[in-house]
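The structure under discussion appears below in the form of structure tokens.
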Amino acid sequence: MTPQHAMRRGALALGLFALVTAGSVTLTRAVTAERIAAHQLAYQHRQLQEVLPGSLDTAPVQTVLEGTFSLPAPSLLGHRMPQEGWRVQQGGDAVTILPVVTRQGYNGEIRLLVAIDQSGEITGVRVTHHQETPGLGDDIERSRSDWITSFDGLSLQSLSPSGWAVRKEGGDFDSFTGATITPRAVINAVHDTLRYYHQQLARQDSAL
Numbered sequence: 001m002t003p004q005h006a007m008r009r010g011a012l013a014l015g016l017f018a019l020v021t022a023g024s025v026t027l028t029r030a031v032t033a034e035r036i037a038a039h040q041l042a043y044q045h046r047q048l049q050e051v052l053p054g055s056l057d058t059a060p061v062q063t064v065l066e067g068t069f070s071l072p073a074p075s076l077l078g079h080r081m082p083q084e085g086w087r088v089q090q091g092g093d094a095v096t097i098l099p100v101v102t103r104q105g106y107n108g109e110i111r112l113l114v115a116i117d118q119s120g121e122i123t124g125v126r127v128t129h130h131q132e133t134p135g136l137g138d139d140i141e142r143s144r145s146d147w148i149t150s151f152d153g154l155s156l157q158s159l160s161p162s163g164w165a166v167r168k169e170g171g172d173f174d175s176f177t178g179a180t181i182t183p184r185a186v187i188n189a190v191h192d193t194l195r196y197y198h199q200q201l202a203r204q205d206s207a208l
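Here it is in structure tokens:
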């Protein structure tokens, strides 16, 4: 075999190896991306499930999810970019679920899901992301305390504007020992969400 033939065979083998490797990497990325997307969707469904009222929370959220709708930004919901909200309906029960962000937390952003039914009452609030101090501000997590459930059943008319505050500031909500900034941020965000709902969504939801 001449040196030229050997070089050609070597180049062909190298090219074939590169082609197979590239194909394997592409396939692995596609499979990985699909799995990540599936896990993200399942996680999102679990989060949505937690804020549904008792009449809906026994059904898998994907079976009652009516669809999504666009939320412009900026708005009282705190987002700097447009987002998506969700509508869930089964029988005569309809719930709007809104993603919310506040930057008034002690250590930065706190992200929430707030669900509101057709009568304007909150069916659930959950924190989906925060960086608050462990042992202090993290009591906003449902797994840490029941505090976040104090919003359940409240509407914009349930409290006076001054009631949407912690007790030490004249409001109706408990604060945490050694932590006032975190609960104050969440209370303000939930209050703003109810205001947004009544300003932008209540009329169309009542027609569902």
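If you read the sequence shown in this note's numbering, its first letter stands for residue 1, the second for the next number, and so on. For glycine and all other residues, C-beta sits at the position ideal for the given N, C-alpha and C.
Could you give the DSSP three-state label for residue i: helix, strand or coil?
i, result
"His45", "helix"
"Asp172", "coil"
"Leu201", "helix"
"Gln62", "helix"
"Gly135", "coil"
Could you pull the DSSP bridge partners for residue i from this structure?
i, result
"Leu194", "Paired residue(s): none; Leu194 is not in a bridge."
"Trp147", "DSSP, once it has assigned bridges, lists no residue as partnering Trp147."
"Leu52", "Paired residues: none, contrary to the question."
"Trp86", "Thr68 and Ile97"
"Asp117", "Val95"
"Ala189", "DSSP lists no partner for Ala189."
"Leu156", "Paired residue(s): none; Leu156 is not in a bridge."
"Ile110", "Thr102"
"Arg126", "Leu113"
"Ala179", "Phe176"
Note down, in chain order, each residue of its chain lying with its Cβ closer than 6 Å to the Cβ of residue i, except the 5 sequence neighbours on either side.
i, result
"Leu156", "Leu194 and His198"
"Gln131", "Asn107 and Gly108"
"Asp138", "Glu132 and Arg144"
"Gly163", "Gly171 and Asp172"
"Glu121", "Gly153 and Ser155"
"Gly91", "none"
For residue i, tell me which candidate among the options has the shortest Cα-Cα distance.
i, options, result
"Ser70", "Ile97, Ser145, Gln104 and Thr63", "Ile97"
"Gly105", "Glu121, Ala189 and Trp164", "Ala189"
"Asp210", "Arg87, Asp172, Gly137 and Arg111", "In this structure the chain extends from 1 to 208, so residue 210 is not present and cannot be described."
"Thr102", "Tyr196, Asp192 and Gly171", "Asp192"
"Val51", "Ala115, Arg167, Pro183 and Pro99", "Ala115"
"Arg80", "Gln90, Val100, His45 and Gly92", "Val100"
"Thr180", "Leu136, Asp146 and Ser150", "Leu136"
Please return the same chain residues whose Cβ sits closer than 8 Å to the Cβ of residue i, not counting the five positions on each side in sequence.
i, result
"Gly78", "Val100, Val101, Thr102, Arg103, Ala189 and Asp192"
"Val127", "Ile110, Arg111, Leu112, Ile140, Glu141, Arg142, Ile148 and Val186"
"Asp174", "Trp147, Ser150, Val166, Arg167 and Pro183"
Could you give the C-beta distance for residue i and residue j, rounded to a whole number, given that I count them as a contact under 8 Å?
i, j, result
"Ala73", "Gln83", "7 Å"
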